[in-house]
Amino acid sequence: MKFAEYLRESSVPEWRDKYIDYKLGKKKLKRYKERLRTSDAIATQFNQPLRDENCYSTIQEQLVVEFIDDWIIGVELQKCSEFYQWQLDSCGSKFNVLQHQMHIYGTKKDKGLSYGATKGLEETEETLGALQDSPESPDSPLRGRAAPLQERSMMDKLVHRLQELELMPSLPAKYRRNNSESSNGVRYAQHEETFTVKDLSPRQIKQQLANALLEFYVFIQFLKKYRDLNVTGFRKIVKKFDKTCNTSEVKKFMAYANEQFAMFQHLGQNLRLYAKNLQKSNSMSQPSTKLSTSLEKDPLTYWEENVSQWYTDALSDSTRDRKRHMQKLRTLSLQYSLNEEIIHKTNNSIIYMFFGGTYLGMTTILLAYMLYTGIHAEINSYMHKILLPLWGGWYLIFFMAILFCLNCFIWFRTKINYRFIMFGEIHSRHGNMLFNNDFSTTQIPGQFYMANLAFFLCCTISLVSFLTRNLNPWFSIWTALSVILLLCPYNVLPYWSMLKKTRTWLTVSLIRLIFSGAYPIQFRDFFIGDIACSLTYSIAGIATIICVYVGEPYGMCGSSHLKSMGILSCVPSYWRLMQCFRRYFDSNDWFPHLLNAGKYMMSIFYNITLCMNRISQNEPTYRTWFVIIAIINSAYTSIWDLVMDWSLFQPQSENMFLRDDLYLAGKRNWESRLYSKWRRLIYYVAMIFNVAARFQWIIYTLAPKVIQQSAIASFGLAAVEVIRRFIWVIFRVENEHVANVHLFKITGETPLPYPVSSSNYENEIGLEFLGERLSLKRTKTSLEDAIGVNTLESPQPTHRRIKNAAVLRKISLAHAKDFQRPPVSNDKDDVEDFEDDDDEDEEIRPRNGPIAD
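Be aware that the sequence shown starts at 665, since it is given in this note's numbering, and climbs by one per residue.
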């Protein structure tokens, strides 16, 4: 594999702008080669001497200055070195926090204590130095808290299991903060999520520390890979320059880089350390013996050693645990994850895709037959009134599932790290494999196979129902079978057990959705909630099922007679409404959560008025109210989709009506740095289709009699909404990836069991803001240039324009606050110290998460 391809495949998607632009360097060298040919031709024509072996010609000297001095050192190396140093500082702060956590854990373990983040920082420090009471003492407040799992009651085991699955309900952070303020000023760990457990068992403390250590270990691996790739890239591109221009600059450059830049120094020290220990000169290998390094020579290896020792020794209770932990670290190494032999050793993606495609083909034939039969059935027939709507609801669910697989493939091809956004990966609990780099590791084939297999089974059973002109018992059989397949851990179907994690994730997500408001909102919660809002046709069909099963005449079980269908149509919007309220109470930010809640409130009104209009047989009064509410709802949701969820219509964007970063538009032109006009057209078409689909209710007013009686028309409009959601999902996840790229976020934030010391806590806050300033530096400069103001002539208008631009940027980044993120600070005074530094950044900095609001 060529190095350019290897660099592209091995790079972290969120950091790709901070790697050496190797392809741009090759394109520059191609230009230089043409210039040298022209120069040689001119020199030969005028009988001038060609290049001397011991000195450079004028054109060679110009190219050395232009390429090595100005571009390599002045731009690329400066960019990579600055980013590497910033990440080192961030790692140092995190290491100090983990060191403090492990110190508390070791001390408490020696003393037999087991409580977690239930004591204040001051009390914890006093405990480390002076607490001598035994936890078995009658007066000890810790008595009984360290009971092993076997001695717990069934209720405790149930609570523990719910906590592991993230299904344990909790109060909003607003009320917990009030309670904490009235309980001796308890201050919790800075990385604590709102769903962090307060009374931790010894096992939970150990698990949290293990997750935090593994997460930090994974991050070190990525940073080491970043360092190795860039150092290799700089050496190779300078070597190519020497070959192209007939110079000898590589030795000079490497000597200069090794002397001036820490990135080269640390790699050199790392290679020497491995050579001394008889290891291969590959910094991504897991060392079999301890390396004697220091923080000054190679901090990454130093931190890696300590974290490995803590994880394998301090968190191991037996020799068996130690071996298991060591094996875990080996599998987390990037050399293991990127090894093609290991990746393809158990690769079943070809089998998944073959059978998934086969099931899709057979499903398409069955589906076409049933839709054809339903279309040509009489309007008042049982098939048209009952069978087609009910089975059509299931068809739309699986249609959405297949479209989601297509979404994942699109994100995979465009290098959008959807797995980290959606599933919390790259994360220690799931490993650190670069899912975007190999199709077989994305789980897209397995999900495609599962969706099409379930869709085929659904169509097969529904075909029998259509042929027998009967709903029961076939619908009951299919419903029971779908629940069994979703929950069954055994291999009841080929390769079904391989998708256990996917099915568990989906089951837990559905439970969290049903009880929206009882849990802090993660990305998957609002994501599944928005998808459910596009499946109101399927959910409303539950009312028809109940109506048929209780024995009502089938003619009375349609949308023209059942008020319960209108109520069920409001349920998905109600779930999202509760999620918005929960986000408001967790973050205490009215924008955008209360405005988002207003959007779903309008959606509820829309479904209510639609139901009333249908039942009243299009009576003018109800029709007028329906049209008014529908116009407001469609305009509200359309603006929210384009401005909030997709962050389009950004002011001063180089792409008209869009934003600056368009990952679905492919690569920028290397000279103009602009996207292709034809690729940008994708965004404009999606915008038009999204708005048009939001106004599909107009059909209800144009042809009320036909729509009132046609199940085919209702099914078609529901299918259009599913397609609209499919397009919305693509750009929504892309927009979230843009936010992660701007802040170089590649790992999750594991909550810590013990309070964080003030010094480490404040240092990390400073690093968060430093990273944000680094990411916003270019944006702020381009903003001021685009405004074109003169600060000396009109300071007040300048300040006002910058404020207005900051507000617009705040709106465009509001999407990043739809779900819970670890707080940057739990103390407002800490944030105010930074806010006083620069008033212009006030509207851009985050208050409750690493993404700017």
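All C-beta atoms in this analysis are idealised placements derived from N, C-alpha and C, irrespective of residue type, glycine included.
Between Glu-790 and the rest of its own chain, which residues show a CB-CB distance below 8 Å, the 5 nearest in sequence each way excluded? Below a pLDDT of 50, predicted positions are generally treated as unreliable, and Glu-790, at 45, falls in that range; the measurement from the model is reported next regardless. Apart from sequence neighbours up to five positions away, no residue of its chain approaches Glu-790 with a beta-carbon distance below 8 Å.
With distances taken from CA atoms, which of Lys-1263, Thr-995, Phe-747, Asp-1250 is nearest Ala-1182? Among Lys-1263, Thr-995, Phe-747, Asp-1250, the Cα nearest to that of Ala-1182 is on Asp-1250.
Within 10 angstroms of the Cβ of Met-1320, are there 16 or more other Cβ atoms? Answer buried if so, exposed if not. The residue in question, Met-1320, is exposed, as its Cβ has fewer than 16 Cβ neighbours within 10 Å.
Does the region 1115-1128 come close enough to the region 1058-1066 that 3 or more CB-CB pairs lie under 8 Å? With the rule of 3 Cβ pairs closer than 8 Å, the region 1058-1066 counts as touching the region 1115-1128.
If you reduce the DSSP assignment to three classes, tell me which class Thr-1022 lands in. Under the three-state reduction of DSSP output, Thr-1022 falls in the helix class.
Nearest residue (CA-CA) to Glu-660, options Tyr-1264, Thr-1288, Ile-736, Val-1307: Given that the chain is displayed from residue 665 to residue 1517, the structure contains no residue 660 and the question cannot be resolved.
Taking the straight line between their C-alpha atoms, what separation do you get for Phe-759 and Lys-907? One Cα belongs to Phe-759, the other to Lys-907, and the distance between them is close to 43 Å.
Considering only C-alpha positions, which residue in the set Ile-1394, Leu-1312, Phe-1379, Phe-1353 is nearest to Lys-1474? Nearest C-alpha to Lys-1474: Leu-1312.
Just to confirm, is the Cβ distance from Ser-703 to Ile-732 under 8 Å? One thing to note: Ser-703 has its Cβ no nearer than 8 Å to the Cβ of Ile-732.
Is it true that the CB of Glu-740 sits closer than 8 Å to the CB of Asp-681? With a cutoff of 8 Å on beta-carbon distance, Asp-681 and Glu-740 are scored as not near each other.
Excluding the five sequence neighbours on either side, which residues of its own chain have a C-beta within less than 6 Å of the C-beta of Cys-1275, listed in chain order? These residues qualify, in order along the chain: Gly-1230.
Can you list, in chain order, the residues of its chain whose CB lies under 6 Å from that of Glu-968, leaving out five sequence neighbours each side? Hits under 6 Å: Ile-884.
If you draw a straight line from the alpha carbon of His-1225 to that of Leu-1328, how long is it in whole angstroms? Looking at the two C-alpha atoms, the distance is approximately 45 Å.
Taking 7 Å as the limit between beta carbons, can you name the residues of its chain near Lys-870, skipping five residues before and five after? If the five residues before and after Lys-870 are omitted, its C-beta is found closer than 7 Å to the C-beta atoms of Leu-979, all from its own chain and listed in chain order.
In whole angstroms, what is the alpha-carbon distance linking Glu-678 and Pro-1315? Each residue's CA atom was taken as its position, placing Glu-678 and Pro-1315 some 24 Å apart.
Just to confirm the assignment: which complete alpha helix (DSSP H) runs, minimum length 4, are found wholly within the region 1139-1220? Within the region 1139-1220, the complete alpha helix (DSSP H) segments of 4 residues or longer fall at 1164-1178, 1187-1197, 1200-1213, listed in chain order.
DSSP-derived helix/strand/coil call for His-1401: The answer is helix: DSSP assigns His-1401 an H, G or I state.
Roughly how far, in whole angstroms, is the beta-carbon of His-1257 from the beta-carbon of Tyr-1264, given that I think they are within contact range, below 8 Å? About 11 Å separates the beta carbon of His-1257 from that of Tyr-1264, a gap too long to meet the 8 Å contact definition.
Inspect the CB distances between the region 1378-1395 and the region 1204-1218 and report whether three or more fall short of 8 Å. Taking 8 Å as the limit for Cβ pairs, the verdict is that the region 1204-1218 does not touch the region 1378-1395.
Below 6 Å CB to CB, which residues in the same chain sit around Arg-1167 once its five sequence neighbours on both sides are set aside? Leu-1150.
Simplified DSSP assignment, three categories, for Gly-1279: Per the sequence shown, the amino acid found at residue 1279 is Ile instead of Gly. Secondary structure of Ile-1279 (DSSP, three-state): helix.
Taking DSSP as the reference, what is the three-state secondary structure of Glu-968? It is helical.
Helix, strand or coil for Cys-719 per DSSP? Of the three classes helix, strand and coil, the one that applies to Cys-719 here is coil, per DSSP.
Just curious, the alpha helix (DSSP H) that Ser-1237 is in, first and last residue? DSSP places Ser-1237 in the uninterrupted alpha helix (DSSP H) bounded by 1227-1251.
Given this structure, state the Cα-to-Cα distance separating Lys-1049 from Ser-1378, to the nearest angstrom. If I take the Cα positions, the gap works out to 11 Å.
Which residue from Tyr-1300, Gln-924, Ser-1045, Lys-1331 puts its Cα closest to that of Gln-749? Measuring from the Cα of Gln-749, the nearest candidate turns out to be Gln-924.
With a threshold of 8 Å, are at least 3 pairs of Cβ atoms found where one atom belongs to the region 1355-1362 and the other to the region 1291-1301? Per the Cβ contact rule, the region 1355-1362 is in contact with the region 1291-1301 (3 or more Cβ pairs under 8 Å).
Can you tell me the Cβ-Cβ gap for Ser-1013 and Pro-1158, rounded? I've got them flagged as a contact below 8 Å. Contact doesn't hold; Cβ gap of about 14 Å is too wide.
Where Phe-1119 sits in the DSSP three-state scheme: Per DSSP, reduced to three states, the secondary structure at Phe-1119 is helical.
For Thr-1022, which option in Asp-985, Met-1351, Leu-1121 has the closest C-alpha, if you only look at C-alpha atoms? Thr-1022 has its Cα closest to that of Leu-1121, out of Asp-985, Met-1351, Leu-1121.
Please name the residue, chosen from Gly-1262, Arg-936, Thr-896, Leu-935, that lies closest to Met-918 on a Cα-to-Cα basis. Proximity to Met-918 across Gly-1262, Arg-936, Thr-896, Leu-935 peaks at Thr-896, based on C-alpha coordinates.
Answer yes if the region 1197-1207 comes into contact with the region 1231-1248, meaning at least three C-beta pairs across the two stretches below 8 Å, and no otherwise. The region 1231-1248 and the region 1197-1207 touch, with no fewer than 3 CB-CB distances between them shorter than 8 Å.
Cβ neighbours of Ile-1293 in the same chain (closer than 6 Å, five flanking residues each side left out): Taken in chain order, the residues that qualify are Phe-1269, Tyr-1270, Thr-1273.
For the alpha helix (DSSP H) containing Ile-1050, list its first residue and its last residue. If you look at Ile-1050, you'll find it isn't in any alpha helix (DSSP H); DSSP assigns it neither H nor E.
Here's the rule: buried if 16 or more other CB atoms are within 10 angstroms of the residue's CB, otherwise exposed. What is Asn-946? In this prediction, Asn-946 scores a pLDDT of 48, lower than 50, which makes its location untrustworthy; no coordinate-derived value is stated.
Below 8 Å between beta carbons: does that hold for Asn-922 and Gln-933? Result no, Cβ atoms of Asn-922 and Gln-933 do not sit closer than 8 Å.
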